[in-house]
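Colleague: Next up is a structure, given as structure tokens.
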Amino acid sequence: MSSLMAILMTYQRVEVITGSEKRRVYSAADKAGLVAEAFRPGVVASEVARRHGLNVSLLYRWRRQIEEGQASPSPEPAVNFVPVRIADAPPSIPNDKMAPLPPAGTGIIEIVLPSGHCLRVDRHVDAGALRRVLAVLERR
Numbered sequence: 001m002s003s004l005m006a007i008l009m010t011y012q013r014v015e016v017i018t019g020s021e022k023r024r025v026y027s028a029a030d031k032a033g034l035v036a037e038a039f040r041p042g043v044v045a046s047e048v049a050r051r052h053g054l055n056v057s058l059l060y061r062w063r064r065q066i067e068e069g070q071a072s073p074s075p076e077p078a079v080n081f082v083p084v085r086i087a088d089a090p091p092s093i094p095n096d097k098m099a100p101l102p103p104a105g106t107g108i109i110e111i112v113l114p115s116g117h118c119l120r121v122d123r124h125v126d127a128g129a130l131r132r133v134l135a136v137l138e139r140r
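Listed below in structure tokens is the structure:
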């Protein structure tokens with residue numbers, strides 16, 4: 001595997017810590033919303049915690065506080081019905097007056113390099129030519 005492909009395939013999460021940050025403060029509504037999201041059937045609490053930058057134990061603590069009455073759960077959203085009106089069928093348009101369908105997707109591939117260069121090629125690109133172009137851009 002070329003080093004360029006290794007760079008393009010590598011994903012890293014970077015967290016910036018400035019040192020001046022204080023503890024985050026969550027409102028009761030925020031806590032209740034996160035707990036409700038994390039403990040829905042089929043949801044993994046640790047994934048919700050990771051997505052929101054929390055320790056999963058905090059979600060369990062908040063859930064326990066809600067269950068023990070020390071914190072208020074979020075109110076259930078009210079279920080509202082929207083009136084629906086069924087309209088008459090639109091008049092049919094003759095085929096000769098209809099706009100032609102757009103062409104099928106062209107299969108464009110967009111490659112964004114770490115240097116910031118952006119390369120767009122279609123599915124019919126010559127592999128050798130693409131390798132040469134990537135090699136030149138990799139050196140910049």
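The sequence shown: position 78 = 78 (the UniProt record's numbering), numbered continuously.
Don't be surprised by glycine CBs; every beta carbon is placed ideally from N, CA and C.
Remember, it's a predicted structure, so these values are computed and weren't measured experimentally.
(1) In chain order, which alpha helix (DSSP H) runs of at least 4 residues are fully inside the segment 21-84?
(2) Can you give me the Cβ contacts of His-117 inside the same chain, cut-off strictly under 6 Å, excluding the 5 residues immediately before and after it?
(3) To which residues does DSSP link Leu-113 through a beta bridge?
(4) To the nearest angstrom, how far is the alpha carbon of Val-133 from that of Gly-107?
(5) For the beta strand (DSSP E) that Val-125 lies in, which residues bound it at each end?
(6) Can you tell me which of Val-35, Ala-135 and Pro-90 puts its alpha carbon nearest to the alpha carbon of Gln-65?
(7) Once you ignore the five residues that flank Trp-62 on each side, which residues in its own chain have a CB closer than 6 Å to its CB?
Modeller: Reading off the structure:
(1) 28-38, 45-51 and 56-67
(2) Stepping through the sequence shown from its first residue, residue 117 is reached at position 117. Within the same chain, Leu-137 come within 6 Å of His-117 by CB-CB distance, once the 5 residues on both sides are set aside.
(3) The sequence position of residue 113 within the sequence shown is 113, counting from 1. Leu-113 is not bridged to any residue.
(4) To locate residue 133, count along the sequence shown from 1; it is residue 133. To locate residue 107, count along the sequence shown from 1; it is residue 107. Between Val-133 and Gly-107, the C-alpha separation is close to 19 Å.
(5) Taking the first residue of the sequence shown as 1, we reach residue 125 at position 125. Counting along the chain, Val-125 falls outside any beta strand (DSSP E), and DSSP gives it neither H nor E.
(6) Your numbering for residue 65 matches position 65 in the sequence shown. With distances taken between Cα atoms, Gln-65 lies closest to Val-35.
(7) Taking the sequence shown and counting its residues from 1, the one referred to as residue 62 is at position 62. Result list for Trp-62: Lys-31 and Val-35, in chain order.
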